[in-house]
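Q: I'd like to ask you about the structure that follows.
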Amino acid sequence: MESETEETSPKTKRQKLGSLEETMNTDGPQRMSHITVERNRRKQMNEHLSVLRSLMPCFYVKRGDQASIIGGVVDYINELQQVLQALEAKKQRKVYSEVLSPRVVLSPRPSPLSPRKPPLSPRLNLPISPRTPQPGSPYKPRLQKGYLSPTMAASTSLEPSPTSSTSSVDNNNELVANSKSPVADVEVKFSGPNLVLKTVSPRIPGQALKIISALEELSLEILNVNINTVDETMLNSFTIKIGIECQLSAEELAQQIQQTFGHC
């Protein structure tokens, strides 16, 4: 019996090894295929996450793992949707106001026999704020301090304030007003018929929406919004359309926007 067991045991082992080799030969390519598919899937996922991370400001993602990137994308999309809703509401209100109260042009047509005046500079023909000082302007300069040079503004300031506002006129005759505080730096510049508002501050969630709401309350039409970030600093730029009906000076507007940072 012992000799028979010794004779059959090597044969049994060979049979088991043969069946195992057949199984490995059959399952080997399929297993390698699964591994390759999984590796490609992870590579593609990492590429998609890298693209998502490059499309949004860096401060929305604190870590580089998948959960942090997806969470930052969700927060960024939610904030963009809030800005979009505010702009759409502003546009809708403008359409309603134009339908309900259309403007009527009352200026008479010039006589064909009247002598034609020489053309003025394009910049002088553009609508500006009525409080901008002009020769023969019918508006009272009750806020003339908003248009003083920086040296005169510094000499007329009597009381210290946590926020300082200055205004000046550059070489292109574009009025510039600044309002600085420990939180933010606000700059207002008149560029042709439009106004450019720039803010520099630390990253404050929802601050762009606050500025848009403040501009809407002042009945200013927003033409373009640009939001950029450098490290932890947020740079906001708003292009605003103004006209003869505007009742704000550049310094007043800078102070109004500066107040939105004080409620953060």
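Under our numbering, the letters of the sequence shown match residues 734 to 997, in that order. Think of the CB as a built atom: it goes at the ideal place given N, C-alpha and C, for glycine as much as any other residue.
Classify Ile768 as buried or exposed, calling it buried when 16 or more other Cβ atoms lie within 10 Å of its own Cβ.
A: Reading the sequence shown from its first residue, position 35 is the one you call residue 768. Label assigned to Ile768: exposed.
Q: For the stretch 978 to 994 and the stretch 954 to 963, state whether three or more C-beta atom pairs, one from each stretch, are separated by less than 8 Å.
A: no
Q: Could you give the distance in angstroms between the alpha-carbon of Leu930 and the alpha-carbon of Val919?
A: Counting from 1 along the sequence shown, the entry for residue 930 is found at position 197. Counting from 1 along the sequence shown, the entry for residue 919 is found at position 186. If I take the Cα positions, the gap works out to 7 Å.
Q: Rounded to whole angstroms, what is the Cα-Cα separation between Gly797 and Ile937?
A: In the sequence shown, residue 797 corresponds to position 64, counting from 1. In the sequence shown, residue 937 corresponds to position 204, counting from 1. Here the C-alpha atom of Gly797 lies approximately 22 Å from the C-alpha atom of Ile937.
Q: Could you check how far apart the C-beta atoms of Ala819 and Ser952 are, in whole angstroms? I think they sit under 8 Å.
A: Counting from 1 along the sequence shown, the entry for residue 819 is found at position 86. Counting from 1 along the sequence shown, the entry for residue 952 is found at position 219. Contact doesn't hold; Cβ gap of about 15 Å is too wide.
Q: Reducing DSSP to helix, strand and coil, say where Val963 ends up.
A: Numbered from 1 along the sequence shown, position 230 holds the residue referred to as residue 963. Here Val963 sits in strand by DSSP.
Q: Can you give the Cα-Cα distance for Gln799 and Leu782, rounded to whole angstroms?
A: Here residue 799 refers to the residue found at position 66 when the sequence shown is read from its first residue. Here residue 782 refers to the residue found at position 49 when the sequence shown is read from its first residue. Going from the Cα of Gln799 to the Cα of Leu782 covers about 7 Å.
Q: Can you pull the DSSP bridge partners for Leu968?
A: Numbered from 1 along the sequence shown, position 235 holds the residue referred to as residue 968. Leu968 is bridged to Val933 and Asn961.
Q: Measuring CA to CA, which of Glu985, Ser924 and Gln940 is closest to Thr972?
A: If you number the sequence shown from 1, residue 972 lands on position 239. Put simply, of Glu985, Ser924 and Gln940 the residue whose alpha carbon is nearest the alpha carbon of Thr972 is Ser924.
Q: Can you tell me whether Gly805 is buried or exposed? The criterion is at least 16 other CB atoms within 10 Å of its CB, across all chains shown.
A: The residue labelled residue 805 in the question sits at position 72 within the sequence shown. By the 10 Å Cβ count, Gly805 comes out buried.
Q: Suppose the cutoff is 8 Å on Cβ atoms and the five residues either side in sequence are ignored; what does the same chain contact list for Gln815 look like?
A: Working through the sequence shown from its first residue, we reach residue 815 at position 82. The answer, listed in chain order, is Gly939 and Leu942.
Q: Between Val828 and chain D, is the shortest Cβ-Cβ distance under 8 Å, so that the two count as touching?
A: Given the protein chain composition of this structure (a single chain), no chain D is represented.
Q: Cα separation between Phe792 and Gln989?
A: As a working note, residue 792 is residue 59 in the sequence shown. As a working note, residue 989 is residue 256 in the sequence shown. Their Cα atoms are separated by approximately 27 Å.
Q: Since Ile955 contacts Lys827 with CB under 8 Å, what's their CB separation in whole angstroms?
A: The count along the sequence shown starts at 1 and reaches residue 955 at position 222. The count along the sequence shown starts at 1 and reaches residue 827 at position 94. In fact, because the Cβ distance is near 10 Å, the residues do not count as touching under 8 Å.
Q: May I ask you to report which of helix, strand or coil DSSP gives Ile945?
A: What you label residue 945 is simply residue 212 of the sequence shown in a count that begins at 1. Of the three classes helix, strand and coil, the one that applies to Ile945 here is helix, per DSSP.
Q: Work out the CA separation of Glu950 and Asn905 for me, nearest whole Å.
A: For the purposes of this step, residue 905 is taken as the residue at position 172 of the sequence shown. For the purposes of this step, residue 950 is taken as the residue at position 217 of the sequence shown. With a pLDDT of 48 at Asn905, under the threshold of 50, the predicted position of this residue should be treated as unreliable, and no value is reported.
Q: Cα separation between Ala917 and Arg786?
A: In the sequence shown, residue 917 corresponds to position 184, counting from 1. In the sequence shown, residue 786 corresponds to position 53, counting from 1. Per the coordinates, the alpha-carbon of Ala917 lies some 27 Å from the alpha-carbon of Arg786.
Q: Which class does Lys823 belong to by DSSP, given the choice of helix, strand or coil?
A: The residue given as residue 823 occupies position 90 in the sequence shown. Helix.
Q: Where does Leu928 land, buried or exposed, given buried means 16+ other C-beta within 10 angstroms?
A: On the sequence shown, residue 928 is found 195 positions in, with the first residue counted as 1. Under this definition Leu928 is a buried residue.
Q: Using the Cα positions of Thr966 and Pro790, report the straight-line distance between them to the nearest angstrom.
A: As a position in the sequence shown, residue 966 is number 233, starting the count at 1. As a position in the sequence shown, residue 790 is number 57, starting the count at 1. Distance between the alpha carbons of Thr966 and Pro790: 10 Å.
Q: Using DSSP's beta-bridge definition, name the partner residues of Ile715.
A: In the structure displayed, the chain extends from 734 to 997; residue 715 sits before or after that span and is not available.
Q: Helix or strand or just coil, what does DSSP make of Gln980?
A: Here the question's residue 980 lines up with position 247 in the sequence shown. Of the three classes helix, strand and coil, the one that applies to Gln980 here is coil, per DSSP.
Q: How many angstroms separate the CA atom of Lys776 from the CA atom of Ser934?
A: For this step, residue 776 is matched to residue 43 along the sequence shown. For this step, residue 934 is matched to residue 201 along the sequence shown. Straight-line Cα distance between these residues: approximately 37 Å.
Q: Could you give the DSSP three-state label for Pro938: helix, strand or coil?
A: Numbered from 1 along the sequence shown, position 205 holds the residue referred to as residue 938. Note: Pro938 maps to coil in three-state DSSP.
Q: Any idea if Glu821 is buried or exposed, counting beta-carbon neighbours within 10 angstroms, 16 or more meaning buried?
A: As a working mapping, residue 821 is identified with position 88 in the sequence shown. The residue in question, Glu821, is exposed, as its Cβ has fewer than 16 Cβ neighbours within 10 Å.
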